[in-house]
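Heads up: the structure comes next, in structure tokens.
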């Protein structure tokens, strides 16, 4: 949590407060006249809005089967023209596929290896997206995959 102080014209206070409320989770606004009496000082506590991180069940509810995604990922990688990049959809689907495999593995050793691969693929997606969020990379993949499926 942090505090924001804004000095603005009195007729701008509602708009400034609304914009800050849209960008942050805010507390009540304390309002004071500036020393010169011409402007307003606004003080409010704020916190970053929490991102919604879907559960794996929610993120992958509409996903194709793992076998289907393995096939798509392999075909896409194999059919890639020489010298061309694979693109965001490939990295998103690959990261989601590896995440799903890691979630479903039974043995501890396999789970550890799969989780590591899933995390690395998720980081690759975040690099591709130039994501500035600070979060668990696999949570980011779930969020992006769920959004992608809904837009598809």
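Numbering (our numbering), first residue to last: 379 to 530.
Even glycine gets a Cβ: it sits at the ideal position worked out from N, Cα and C.
*Considering residue 524, what are the terminal residues of the alpha helix (DSSP H) in which it resides?*
515 to 529
*Do you know how far the Cα of residue 482 is from the Cα of residue 492?*
10 Å
_Selection from 506, 397, 436 that minimises the alpha carbon distance to residue 420_ = 397
*Could you check which residue in 426, 384, 479 has the C-alpha nearest to that of residue 409?*
384
*Given that a residue counts as buried once 16 or more other Cβ atoms are within 10 Å of its Cβ, and exposed if not, what is residue 434?*
buried
*DSSP beta-bridge partners for residue 478?*
According to DSSP, residue 478 bridges with nothing at all.
*asked:* Does the structure place the stretch 471 to 479 close enough to the stretch 510 to 521 that three or more beta carbon pairs sit under 8 Å?
replied: The stretch 510 to 521 is in contact with the stretch 471 to 479.
*Helix, strand or coil for residue 500 per DSSP?*
Three-state DSSP puts residue 500 in a helix.
*Beta-carbon gap between residue 422 and residue 454 smaller than 9 Å*: No; because the gap between Cβ atoms is not below 9 Å, this pair is not in contact.
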